[in-house]
Amino acid sequence: MKNSAYTSLKKGYLLLLIPGLVLLMLFYVYPVLSAIYMSLTNWDGVSRTRDFIGISNYITILQDNRFLNALMFTVKYAFVSTILSNVIALAVAMALVKKIKFRNTFRAIFFVPAVLSLLIIGYIWKQIYYRVIPYLGDRLNIEALQMNMLGNQDTVFWALVVVTVWQGAAILIVIYMAGLQTIPEDIYESAAIDGASGLKKFFKITLPLIVPSITICLILAMKQHLMVYDYIVALTGGGPGFATESVTLLIYNLGFLNNRFGYGSAVAIVLFIFIIVVSVIQISILRKREVQL
């Protein structure tokens, strides 16, 4: 009887998994397999004919200067934004963990960017760069602020990074705060008795004990920034010229504007593999440094 009941219960659990598996196959596995197949064709995204051309699209990618420039911009943008957003998020989290006045209010304020639409954020900052900052530059007679930062190739990169860090640090602050709150106060008290300075406590205690949080934050931030699309569309559209064209924006332009859906799918697969490789490298390096309490 017990074996029969266990078997029935097990079958019931398996039946409950079917809806989830169907959704997974429909919205994840099938699109990925479809993209891989399309990347091996010369489909223009419109016609019904799809000629199989093998790995020709992937060979073309290696010789495409536009793709290489987009990849270089995306990697640079993702690396700088990831480092800055994590450093700022950790600093803010350490300040909020301390018993300061209006701590909960500050937590809510810092988390606001995380709940806003990325496109809305982009359009808001576009108005700030177009109108507010030049207006302040005129009023304060600061020449560097009078120009449109989004229209200048020397400043547009950092203008995008500022917006990204402002929004991206919000969710990282919450993760870092959760990690910092798991560190027992006794450890800091013992270190203080031994004469450890503030910097020594940070590098010898805080950082080693929040490596799991650092791992999560670095992977999340790097993945998000490598797939940047919304900010670019809202702020620059890839300009001036192709200076801020990310790989994801290039995929959209190839597929929907240039009718090169097959080639765009190949670029998407390359980006997908690149993100997986970067994530695996990050995990393998950071996991070795994790310290168990």
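31 is the number of the first residue of the sequence shown in the working numbering; add one for each residue after it. Yeah, the Cβ is synthetic: ideal placement off N, Cα and C, and Gly gets one too.
- In its chain, beyond the 5 residues on either side, Thr245, Leu248, Ile249, Met252 have a beta carbon closer than 8 Å to the beta carbon of Gln312.
- Residue state for Thr79 is assigned as coil, using DSSP reduced to three classes.
- Contact holds between the segment 280-293 and the segment 69-77, because three or more Cβ pairs, one in each stretch, are under 8 Å apart.
- With contacts defined as CB atoms closer than 9 Å, Ser69 and Ile299 qualify as a contacting pair.
- Contact between Ile118 and Ala226 does not hold, since their C-beta atoms are separated by about 25 Å, which reaches or exceeds 8 Å.
- Apart from sequence neighbours up to five positions away, the residues of its chain that approach Ser295 with a beta-carbon distance below 6 Å are Ala65, Met68, Ser69, ordered along the chain.
- Judged by their CB atoms, Tyr107 and Thr185 are not nearer to each other than the 9 Å cut-off.
- Within its own chain, the residues whose Cβ lies closer than 6 Å to the Cβ of Ile213, once the five positions on either side in sequence are excluded, are Leu239, listed in chain order.
- Closest by C-alpha distance to Arg80, out of Thr71, Val122, Ile113, Ile203, is Thr71.
- Nearest in C-alpha terms to Tyr160, of all of Val277, Thr266, Val308, Gln93, is Thr266.
- Ranking Asp260, Leu53, Leu120, Gly50 by CA distance to the CA of Gln211 puts Leu120 first.
- In the displayed model, Thr185 falls within coil according to three-state DSSP, outside both helix and strand.
- When Cβ pairs closer than 8 Å are counted between the two stretches, the segment 255-263 is seen to touch the segment 138-152, the count reaching three or more.
- Boundaries of the alpha helix (DSSP H) around Arg96: 95-127.
- Met177 has its alpha-carbon roughly 44 Å from the corresponding atom of Tyr58.
- Within the same chain, no residue comes within 6 Å of Gln254 by CB-CB distance, once the 5 residues on both sides are set aside.
- Following the DSSP letters along the chain, one finds Ile249 inside the alpha helix (DSSP H) bounded by residues 241-256.
- With fewer than 16 other CB atoms across the displayed protein chains lying within 10 angstroms of its CB, Glu215 is exposed.
- Burial is judged here by how many other beta carbons sit within 10 angstroms of a residue's own beta carbon; Ser111 has at least 16 and is buried.
- Residues Asn87, Thr90, Leu284 of the same chain have their beta carbon placed closer than 7 Å to that of Tyr293, with the five preceding and five following residues left out of the count.
- A residue is called buried once 16 or more other Cβ atoms fall within 10 Å of its Cβ, and Tyr206 is buried on that count.
- Per DSSP, the beta bridge partners of Thr71 are Phe82.
- When the beta-carbon positions are compared, Asn116 and Leu202 come within less than 9 Å of each other.
- Going by C-alpha positions, Leu175 is about 39 Å away from Lys230.
- In the three-state scheme derived from DSSP, where H, G and I count as helix and E and B as strand, Gly271 is classed as coil.
- Of the residues assessed, Gln197 falls on the buried side of the cut-off, its CB having 16 or more other CB atoms within 10 angstroms.
- DSSP, reduced to helix, strand and coil, places Gln157 within a helical segment of the structure shown.
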